[in-house]
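Following full-length UniProt numbering, the numbering of the sequence shown begins with 1 at its first residue and continues without gaps. As structure tokens, the structure follows; a few thoughts come after it.
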Amino acid sequence: MKNPSKTALLQDVRASADYAQIVDAGCRAAALIECRRERIREIMVEIATFDSIETEIEDAIRLLRTAGVEFPAYRRSDPDTQLRVFLPANNLLYSLALFVLLPSLYLDNVLARPASRVQSLYLQLAQLLSDGPIDIAARLRTYSQQSFIDVSQGSVVVFNGRPDNGRTVHAECASGLFLGFGAGINPIVVGPDLAGPELHTAVDATLRARLYNNGQDCLCPDVVFVDAAVAADFATELIRRLRRIPVVSSGAHPGLISSPLADTETYDRAVAAVTALDATVVWSGKASAHPRHCPTVVSVRRIDEGPAHAPELFGPIFNVVVYDRFDEVASFLTAPGNAELGMYVSAFGVAELVGVERLGTARNTGSRTAFQFESGHEPFGGFGVDGTLLAGAGLTPTGKPLLLSAELARRSSGYGAAHAR
1 MKNPSKTALL QDVRASADYA QIVDAGCRAA ALIECRRERI REIMVEIATF DSIETEIEDA
61 IRLLRTAGVE FPAYRRSDPD TQLRVFLPAN NLLYSLALFV LLPSLYLDNV LARPASRVQS
121 LYLQLAQLLS DGPIDIAARL RTYSQQSFID VSQGSVVVFN GRPDNGRTVH AECASGLFLG
181 FGAGINPIVV GPDLAGPELH TAVDATLRAR LYNNGQDCLC PDVVFVDAAV AADFATELIR
241 RLRRIPVVSS GAHPGLISSP LADTETYDRA VAAVTALDAT VVWSGKASAH PRHCPTVVSV
301 RRIDEGPAHA PELFGPIFNV VVYDRFDEVA SFLTAPGNAE LGMYVSAFGV AELVGVERLG
361 TARNTGSRTA FQFESGHEPF GGFGVDGTLL AGAGLTPTGK PLLLSAELAR RSSGYGAAHA
421 R
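What follows is the structure, encoded as structure tokens:
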């Protein structure tokens, strides 16, 4: 008869060895990214700004160097998990690190499909980094969406993209487990009592969040709610700061810049959004001669003068909405059509949000923007079903913050009635 204590000891020894190997592989993958930083920049500058590329590089390195943090969750998961990933059209390097490299340290069966319009860039990055501990290129598939759905039947599926497309993919894959990362409003709320340095801090945070990668990110704030008491000062300071931002024809310049958008589709969407806001635009910047350069614009209107739903903005567009009472903001964000998009809400000088974890379906990040709050080893998003969606066999589709390793561990343990908590 086996000695239970000896068996447990052997399991602990094996686990320690596995942990050490994973940490070592993660650190080597991070080191490879670090030493090829320049080439990564050259590949990604076609669709991203210098600062956003640097952020992706630093975040990817940090994520992989700390890969061991998720060891307990992956240890509770099924090692034979078949993971299929639909990669997004932005955040290319970080998405590879988060959804391909990191899971591949723990799972053998990981395949990913790059978004079509940036497929060649994904392949260049994968080729550049495939001589590390994980052969990324071997895990990428250049299939059509339907063909990738065919090889994803019954798998754990991670989908990045439009929520309606994600639901279609989930249904056609018959996903055993589905994690959908979609879109969010991620509003910033500015309260009535800000002045001087505090107001400048709120403006600076708004600038940096809205202009991250020239506004081409799902975490950029689509609405900035500003109390009427400080709206004029806020708009004046915002425009003053925007006038100082360089207008350039390439994203290769460091710092906050106004530069061309990634592709024609994104440019057309941005121009359409500006056209829709035309009557409320109070300032418009200049554009370079580049055909995809959408100028930075600032729109200001009262909360009762605009549409009931927040527009999804993919470009350098500041949608400032003036309110008189906080309950107007709360009602707007919790209304049908907006509640589904709940991810994060940031607050500056808003007494009603001090010590509050959520505003409707959005998680309150306090005076940090969504970019400052997000961490690759922590659940991402809020409780809106179009922002972060958990679904799968036997599960009621639920909006909740998502972390792949945590959901894999819960799946192996059996979800039960409390799966949405």
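We put the CB at the ideal spot given by N, CA and C, even for glycine. Just so you know, these numbers come straight off a predicted model, no measurement behind them.
Closest in alpha carbon position to E312, among L389, V224, L102, P379, is V224. Beta-bridge partners assigned by DSSP to Y344: R363. Under DSSP, T388 takes part in a beta bridge, and its partners are F181.
DSSP, read as helix, strand or coil, puts T49 in coil. I303: not part of any alpha helix (DSSP H); DSSP gives it neither H nor E. Here DSSP, grouped into helix, strand and coil, assigns N90 to coil.
As a beta-bridge residue in DSSP terms, Y323 pairs with D227. The alpha-carbon of I40 is positioned some 11 Å away from that of Y94.
Under the DSSP definition of a beta bridge, Q82 partners with N109. In the three-state reduction of the DSSP assignment, S258 falls in the strand class, which pools E and B. If you draw a straight line from the Cα of G349 to the Cα of N165, it comes to about 38 Å. Closest option to L402, judged by alpha-carbon separation, among E198, V329, F159, V321: F159. Taking a cut-off of 8 Å for Cβ pairs, the segment 348-362 and the segment 133-143 do not touch, as fewer than three such pairs fall below it.
Burial is judged here by how many other beta carbons sit within 10 angstroms of a residue's own beta carbon; Q216 has at least 16 and is buried. Counting of Cβ neighbours within 10 angstroms places A30 among the buried residues, the total reaching 16 or more.
L179 and H170 have their C-alpha atoms spaced approximately 9 Å apart. Here H309 is exposed. Its C-beta has fewer than 16 other C-beta atoms within 10 Å. If only complete runs of 4 or more residues are kept, the segment 230-291 shows the alpha helix (DSSP H) at 231-243, 264-276, in order along the chain. Relative to the Cα of L404, the nearest Cα in the group R240, G394, T388, D304 belongs to T388. DSSP places F159 in the uninterrupted beta strand (DSSP E) bounded by 156-160. Around the Cβ of K286, a 10 Å sphere holds fewer than 16 other Cβ atoms; the residue is exposed.
By alpha-carbon distance to V248, the top candidate from D24, T49, Q21 is T49. DSSP, reduced to helix, strand and coil, places P114 outside both helices and strands of the structure shown, so it counts as coil. DSSP, reduced to helix, strand and coil, places P72 within a helical segment of the structure shown. Note: R65 is not bridge-paired with any residue in the DSSP secondary-structure output. With the rule of 3 Cβ pairs closer than 8 Å, the segment 181-188 counts as touching the segment 378-393.
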